Structures are given as C-alpha cells and as structure tokens.
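Taking it in order: structure first as structure tokens, then the write-up.
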Amino acid sequence: MADNLSHSPVLEFAPQRGIGRVTAAWADLRAGLKLFPLAFALGWLDIKMRYRGSMLGPFWLTLSTAVMVAALGVIYSKLFHMDLPRYLPFLSLSIVLWGFISTIAIDAATVFTQSASQFHSMRTPASLPVLRVIVRNVLTLLHNAVVIVAVFAIFHVWPHQSWSLLVSLPLWIADSFAGVLLIGMLGARFRDIPPIIVSVLQVFFFVTPVIWKPDLIYLGRQYLLLDPFYPILEIVRAPLLGGSVRPSIWFAAITQAFVLWGIAAVFFCRMRARITYWI
Amino acid sequence: MPSVVVEKLQISFPLYHGQSRSLKRHLGRSLSGINGNSPTAHLAQDARERVVVEVLRGIDFTLRPGDRLGLIGGNGAGKTTLLRALAGIYEPVGGRVRIEGTLGTLLDSSLGMNPELSGQENIRLRGLYSGLSRAQTAAVERDVEEFAELGSYMKMPIKAYSSGMSVRLAFGLATAIAPQVLLMDEWFMAGDGAFRNKARKRLEDIVGKAEIMVLSSHMPEVMREWCTRVLWLENGLVKMDGKPDDVLSAYLAPKPAL
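Written out as structure tokens, the structure reads:
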C-alpha cells in the first residue's frame, strides 16, 4: 500500500463564483509555472521539429531574417532618403522585435485550439500552452538576435542606458503572457479571432513606427503614445540604438501593460474553466 | 485515504454549431438591443436559441478504496464525459466532484502525444508532465521500450507507427506509473490477440495497485471480470447502480416489445 496516505492530494471541482474563481485561476498559474521545464521542452521541440531534416536547422530563422533585413534596408533607405549606416541598425532591430510581437499574437489565437488533444486527455493548466508559445517565440527571437548583433558590430552602434533592459524585458514577457492568454481564450471561443488578428497586425505594422523612424513625422506624434505597440517597442529599441527614452513613453508603456494585465486577469478568472468546453 | 465523491454532478455543453460560434452573431446579439429593425436583429433571434446539450444531469456516487466501478450505457449516455469530469478536464456546471489521492487517467488513446515527435521524446515529455526525475523517466523509458517491443522505432516519429504500434506505446506508457485513483476508457480493452494477453498481465498489475478504479466499457464480459460495482448510465442519469451481475442482467435483458 502506498505510504503517502497521510498527505495524498485532494482535487475538488465545483462551479465557482467570486473569490473562488480568483483562487482557481491563481492555482492554474502556479501549476503552469511548476510545469515550466515541460513548457520549455515543448517550445524547443516545436522549433526543432519545424526544421527537422533541413541542413541549417533553426538557423534558417537567422538566415531568413538576415536576407529580409538586407533587402528591406537597401530598398527603404533609398525610399526614405536615409543613409544606410544609420538606417540599417534601426531596421534590423525593429524587424526582429516586430517579428516577435506579430508571431506571438498570431500563435496566441490558436494556442488552446491546437492543444485540444492534450486538454482532452488529462487535466492541463491553461497556462502551460501559453508558456510554451512564449518559450518558442523567445527562442526564435534569440536566433534572430544574431542578425542584430552582426549589424550593430558592422556599423559600430553602442547601446545606451542598457540597465533599462532590466525593466523592459520583464515587461515584454509579462505582456506576452497576458496577451497570449487573452487572445487565446477569445480565439478558443470565437473562431474568427485568428484572421482578425492577422489583419489588425498588418495595419499596425504600417501605422506603428516599425520600418519608419518616429522623427519622420511632426504632426500628431503625441498620438503615437496611444498606439498599443509603439511605447513597448520604443522602450527597448531606443536605448539599444544609443538613444534615450522620453518619460512619457515609459509612462504609456507601463499604463498599457497594467490595462492589458487587468483585462487578461478578469477574462482568465471568468473563462478558465470553460476553455476545455470550447475547444 | 483515497476516495471519490460525486454529488449532483451536472455537465452541459453549449452547442456552437455553424454560425453561432462566430463573432458576428455574438455582436449581432448585443447590437440588436440598440436597433430592433437592423438586419442583425433577425440574426440575434436565431442565436438566442442556443442549444445546450445536457450530458450529465445530476449524478451521485461515492467510491472507497477497493472499489472497481464500471460505467455501462449506450452511445451518448455520458460515460466518457463522466470520466473526463472525474479527471477535472470538464469542470462541473453544477454539483461537485472531490477526488482524494493521486489521479491517473487513461482516457484518450493518443494520450495527448505529439505525432510529430518520436516515441522516446513523447515519453520524456510525459515524464516532465508527471514531475518525474531524470532517473525515473529513464526507468519508465526502459520499461515501455521493453513492453511495447518497438526497437528502433522508439527514435522515429509516432506518425510513422502502425496503429498497433502506437496503441502498444500508449498503453505501455500509460501503465508505467501506477496511480491511486485510475480512470480508464474502453479503448484499453481493444487490441489484437497476442497483445491482449500481454497487456492483460500489465493491466492486472496496475489495477491491482490502484485503490480505486473507474472503467467505462460497452463490453459486459469486461465488466464482470474487472468490476465490483456497475453504474448504468442512460441519458445523463444513473439508471441502475449495484453488483455487476444484477446490473448487467438488467442491462442485457431483452427490451420489452412496445
């Protein structure tokens, strides 16, 4: 007979209201974080699997980004009449960071529907597939970062205020978590979310100063603070390029983060138990 | 002490067939309040008739150590849903489920395995899920490899396996770790003759170690052999609950002619 009778785990399932929902959501998060090694393995295997059998493996990520940055850099520096040494470091950093944002948002829409078989075969914390998507995208980002380092080395760009990464990177991770969770739940419930996300991102790619520098426009620059992607992008991009970030941008980024976390938390508390019914 | 308590358990599924799942319908419903004459008002009326399927409508039972419960009933009686509710996959819409003890679920024949990954990788992931140490995972790996007789296929993606091979792998893996409360769906009893004999021994072993077992099956002979108590489900309700012989003879009795 098992010797752990005195402390055998107790699982209790019942419909929850109010505070019960919050504690259940919190328990889900904790269970997901405890399974972080699994999330990490899954995320890494996702990347490995995509390039299984190819010669370069995951370094295709690096190579395709390098090609993209080089091509866009030459074209746009001509179009915007900018000199390459100033424009290319900006572009490479922007493209890689935007690539992270857009892929994670698109992946988020199907995060739960794609792990339906896992959810139906055993009790799984909702935060587990969310962590997996984040791990996958962070690893992709690291592969792409090689291009940034190379471009910066070629054009002698030195970061400024690099301490701010200690604040901005955790902010990125926390925003990613809340964003993936939120979009994922909506995507599980409403099957139109994935195409909506794709088209919204396309619009914001041009509206947000990703491939163009914000100092290109004079009128309406303050409205950029309302752009959901600009502040969060700028707090990482500007210091790395050797510039500084205005306090208003930091303020906007942090406010947006709190709004996002708040909405995600409310939805998660309300919808967590329904996710398996929807997928 | 391991136990399973189910009180007035209700599970119902919203049926989002066709369009009712789309955002258009959903928005249409909220907008219709604003303008009753708009074209969306018509849509909304349709959408309001949202169909809810009541799969379980108030189930009660309690299991103590030593209980081997069989669930029997026709297709759509709610057997699989009840097992999933016990596993905590579907949280109750009404009522309560309380499970004390480590829980093992053998519900889905794919076990949530990833078909793109090799057998070995899937076993390691399963080890991580169960929080096993490296050494424990390696032991499970050896055990499964020996049982499933997959040889060099262990390093190939599961999608390259024959269906027999994947059942052997899933079965071997699922039965490698013995829980206190075991939930099993009927696929475990399927399989070809040679495999069945081999599986039998292993299954007897794990069922013997589990203190409580809940098994769902269509097959009366399986119930007679493995269970000490049988629950007959029909239309989401318990139709009969008792000793296997009593319930099964009632279940198998010819239906009175209408």
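From first to last, the protein sequence lines stand for chains A and B. Those letters in the first sequence? Residues 19 to 297, by my numbering. Those letters in the second sequence? Residues 9 to 266, by my numbering. By construction, the Cβ of each residue, glycine as well, lies at the ideal position given by its N, Cα and C atoms. None of the values given here were measured: they were computed from a predicted structure.
Taken in chain order, the unbroken stretches of beta strand (DSSP E) that lie wholly in the stretch 142-193 of chain B and span 3 residues or more are 189-192. Taken atom to atom, the span from the alpha-carbon of A/Leu159 to that of A/Tyr241 is near 29 Å. With the criterion set as a beta carbon lying under 7 Å from some beta carbon of chain A, the stretch 145-163 of chain B has no members that meet it. Taken through DSSP and simplified to helix, strand or coil, A/Leu243 comes out as helix. Taking a contact as a CB-CB distance under 8 Å, the pair A/Gly61 and A/Phe130 does not count as one, their CB atoms being some 16 Å apart. Per DSSP, B/Ile220 lies in no alpha helix (DSSP H); the unbroken beta strand (DSSP E) holding it starts and ends at 220-224.
Counting only runs of 4+ residues, the alpha helix (DSSP H) found wholly inside the stretch 36-92 of chain A occupies 37-52, 54-68, in chain order. Counting the other CB atoms within 10 Å of its CB gives B/Asp68 a total below 16, which places it among the exposed residues. Closer than 8 Å to the CB of A/Met73 there is not a single CB belonging to chain B. In terms of Cβ geometry, A/Ala282 and A/Leu219 do not form a close pair [threshold 8 Å]. Counting along the chain, no alpha helix (DSSP H) covers B/Ile97, and no H or E run does either. In this structure, the alpha-carbon of B/Gly74 lies about 41 Å from that of A/Leu63.
In the pairwise beta carbon analysis, the stretch 107-118 of chain A is classified as touching the stretch 247-267 of chain A: at least three pairs are separated by under 8 Å.
In this model, B/Thr110 and B/Glu219 are separated by some 10 Å (Cα to Cα).
At a cut-off of 8 Å, the C-beta of A/Ser110 has no neighbouring C-beta in chain B. Residue pairing by DSSP places B/Pro22 opposite B/Val60 in a beta bridge.
One Cα belongs to A/Ala45, the other to A/Leu149, and the distance between them is close to 15 Å.
When the alpha-carbon of B/Arg104 is set against those of A/Leu183, A/Ala192, A/Ala32, A/Ile166, the nearest one is in A/Ala32. Assigned with DSSP and collapsed to three states, B/Val238 falls in strand.
Taking 8 Å as the threshold, the shortest C-beta distance from B/Glu108 to chain A falls below it. Close CB contacts of A/Leu79 within its chain, under the 7 Å cut and outside five residues either way in sequence, are with Thr158, His161, Asn162 (chain order). For A/Leu259, no alpha helix (DSSP H) run applies, since DSSP gives it neither H nor E.
A straight line joining the alpha-carbon of A/Thr294 with that of B/Asp249 spans about 29 Å. Look at B/Val63: its C-beta is not under 8 Å from any C-beta on chain A. Two segments are said to touch when three or more pairs of C-beta atoms, one from each, lie closer than 8 Å; by this definition the stretch 265-272 of chain A does not touch the stretch 9-22 of chain B.
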